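In the numbering used here, the protein residues as written are 731 to 1023.
Note that the Cβ used here is the ideal one computed from N, Cα and C, for glycine as well.
Being a predicted model, the structure only gives us computed values, none of them experimental.
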Ligand SMILES: [Zn+2]
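Below is the structure:
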């Protein structure tokens, strides 16, 4: 694989997942992350001519409007991959039979909408297990992209989840296994033949959308990761590109990213992509995985 490859991926977590992480009660209603956030992401990709990878929580494809957006994205050349069917944070701890059934259902849901089975998977909360890795191969996935080589991310998340466990609003998220975050950050082939395409980090810091849109550290991390020879992946979430206009105040209060005006977040992402497109060729993750088979 040429050293000049980058990927742009997005996890399409809905607003309900963030409410669950922050211990807020479920609330029905329209989801601006999966409408406004997704639309802004697709416009961003179009303006930079980037073919991206969209990790879809496939139960959302039951919504015809969301399915229409995903079909449109696939026709525009983006890869549609699986982010599980239900986005259960405990997914990796389920029995092998339950894991396989969920993965199979997710694959069929994607095939139903885009007429093509997905090759890639990203786990809810980035939590993997040996049973999950085996199941991915058994049901036919080519690659996984769930590893985040960032001990700092794990420690920060564990602190939040532990703090919330002492309150009346515990987080639905899982602390996970720290060893999964002390990992080789370059693409590699696992013993069972699955290709692992980790997300990208540097100095133990995750190079992800929420960092790029909120932190002054982001440009330093971007500078370091762009020097890597291996393919790099900038992982976004739909929340990164959604304004706070239609989001309930109780969620805005606990999300530093939503407190940054959307115009500023968008500009920071655009600047990052401008730097990347000068030195790297963007490929969807399925194409990156092909080179490691
Ligand atoms: Zn997710």
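Next item on the list: Can you check DSSP and say which residues form a bridge with residue 735?
Entry: By 1-based counting over the chain shown, the position of residue 735 is 5. For residue 735, DSSP records a beta bridge to 1011.
Notebook entry, point to check: Using 8 Å as the Cβ pair cut-off and three pairs as the minimum, do the region 1002-1019 and the region 869-876 touch?
Noted result: The answer is yes - the region 869-876 touches the region 1002-1019, with three or more Cβ pairs under 8 Å.
Next item on the list: Indicate whether residue 817 and residue 848 have their beta-carbon atoms separated by less than 9 Å.
Entry: Residue numbering aside, residue 817 sits at position 87 when the chain shown is read from its first letter. Residue numbering aside, residue 848 sits at position 118 when the chain shown is read from its first letter. No.
Checklist line | 9 Å Cβ cutoff met for residue 1000 and residue 739 | finding: Indexing the chain shown from 1 puts residue 1000 at position 270. Indexing the chain shown from 1 puts residue 739 at position 9. Going by C-beta atoms, residue 1000 is not nearer than 9 Å to residue 739.
Next item on the list: Going by CA-CA distance only, name the one from 752, 736, 774 that's closest to residue 972.
Entry: In the chain shown, counting from the first residue as 1, residue 972 sits at position 242. Checking every option, the nearest Cα to that of residue 972 belongs to 774.
Note to self: So, at 6 Å on beta carbons, what are the nonlocal neighbours of residue 994 in its own chain, with the 5 sequence-adjacent residues on each side left out?
What the structure shows: Here residue 994 refers to the residue found at position 264 when the chain shown is read from its first residue. Closer than 6 Å at the Cβ level, and outside the excluded window around residue 994, lies no residue.
Check: So what's residue 819 in DSSP terms, helix, strand or just coil?
Finding: Within the chain shown, residue 819 is the residue found at index 89, counting from 1. Here residue 819 sits in coil by DSSP.
Note to self: To the nearest angstrom, how far is the alpha carbon of residue 793 from that of residue 1020?
What the structure shows: One-based indexing of the chain shown puts residue 793 at position 63. One-based indexing of the chain shown puts residue 1020 at position 290. The straight-line gap from Cα to Cα measures roughly 32 Å.
Check: Whole-angstrom Cβ separation of residue 970 and residue 939, contact assumed at under 8 Å?
Finding: Counting from 1 along the chain shown, the entry for residue 970 is found at position 240. Counting from 1 along the chain shown, the entry for residue 939 is found at position 209. Right, the Cβ-Cβ distance comes to about 4 Å (below 8 Å), so this counts as a contact.
Note to self: Less than 6 Å between C-beta atoms, sequence neighbours within five positions excluded: which residues of the same chain meet that for residue 932?
What the structure shows: Locating residue 932 in the chain shown gives position 202, where the first residue counts as 1. Listed in chain order, the non-local C-beta contacts of residue 932 below 6 Å within the same chain comprise 951, 954, 955, local neighbours out to five positions each way being set aside.
Note to self: Report the CB separation of residue 869 from residue 830 in whole angstroms; it is logged as a contact under 8 Å.
What the structure shows: Here the question's residue 869 lines up with position 139 in the chain shown. Here the question's residue 830 lines up with position 100 in the chain shown. Their Cβ separation, rounded to whole angstroms, is 6 Å, which keeps residue 869 and residue 830 in contact under 8 Å.
Notebook entry, point to check: Tell me, which residues are paired with residue 811 by DSSP?
Noted result: Position 81 of the chain shown, counted from the first residue, corresponds to residue 811. Looking at the DSSP output, residue 811 shares a beta bridge with 785.
Note to self: Can you find the residues in the same chain that come closer than 8 Å, C-beta to C-beta, to residue 1010, ignoring five residues on each side of it along the sequence?
What the structure shows: Counting from one through the chain shown, the residue named residue 1010 turns up at place 280. Only 734, 735, 736, 956, 962 meet the Cβ criterion.
Next item on the list: Compute the minimum distance between the beta carbon of residue 816 and the heavy atoms of ligand 1, and state whether it is under 8 Å.
Entry: Taking the chain shown and counting its residues from 1, one reaches residue 816 at position 86. Outside the cutoff, so no.
Notebook entry, point to check: Is residue 749 helix, strand or coil when you go by DSSP?
Noted result: Here residue 749 refers to the residue found at position 19 when the chain shown is read from its first residue. Helix, per DSSP.
Notebook entry, point to check: When DSSP labels each residue in this structure, what does residue 719 get in the three-state scheme?
Noted result: Only positions 731 to 1023 of the chain appear in this structure, which leaves residue 719 out of reach.
Item checked: Alpha-carbon spacing of residue 889 relative to residue 883, whole angstroms -> Counting from one through the chain shown, the residue named residue 889 turns up at place 159. Counting from one through the chain shown, the residue named residue 883 turns up at place 153. So the two alpha carbons sit approximately 10 Å from each other.
Notebook entry, point to check: Which partner residues does residue 806 have in the DSSP bridge list?
Noted result: Stepping through the chain shown from its first residue, residue 806 is reached at position 76. In the DSSP secondary-structure assignment, residue 806 is not bridged to any residue.
Notebook entry, point to check: Rounded to a whole number of angstroms, what is the C-alpha to C-alpha distance between residue 731 and residue 788?
Noted result: In the chain shown, counting from the first residue as 1, residue 731 sits at position 1. In the chain shown, counting from the first residue as 1, residue 788 sits at position 58. The predicted model places residue 731 with a pLDDT of 49, which falls under 50 and marks its position as unreliable; any figure quoted below should be read in that light. Using only the alpha carbons, I get a separation of about 30 Å.
Checklist line | Whole-angstrom C-beta distance between residue 790 and residue 967, which should lie under 8 Å | finding: Here residue 967 corresponds to residue number 237 of the chain shown, with the count starting at 1. Here residue 790 corresponds to residue number 60 of the chain shown, with the count starting at 1. In fact, because the Cβ distance is near 14 Å, the residues do not count as touching under 8 Å.
Notebook entry, point to check: If you follow the beta strand (DSSP E) that residue 963 is part of, which residue opens it and which one closes it?
Noted result: Indexing the chain shown from 1 puts residue 963 at position 233. Note, residue 963: beta strand (DSSP E), 962-967.
Next item on the list: Alpha carbon to alpha carbon, how far is residue 942 from residue 1002? Give it in angstroms, no decimals.
Entry: Residue numbering aside, residue 1002 sits at position 272 when the chain shown is read from its first letter. Residue numbering aside, residue 942 sits at position 212 when the chain shown is read from its first letter. For residue 1002 and residue 942, the distance between alpha carbons rounds to 8 Å.
Margin query: Given this structure, state the Cα-to-Cα distance separating residue 960 from residue 758, to the nearest angstrom.
Written below: As a first step, residue 960 is located in the chain shown; it is residue number 230 there, counting from the start. As a first step, residue 758 is located in the chain shown; it is residue number 28 there, counting from the start. Distance from the CA of residue 960 to the CA of residue 758, rounded to the nearest whole angstrom, comes to 42 Å.
Margin query: Give me the residue from 863, 880, 998, 997 with the minimum Cα distance to residue 937.
Written below: Locating residue 937 in the chain shown gives position 207, counting from the first residue. The residue from 863, 880, 998, 997 with its alpha-carbon nearest to that of residue 937 is 880.
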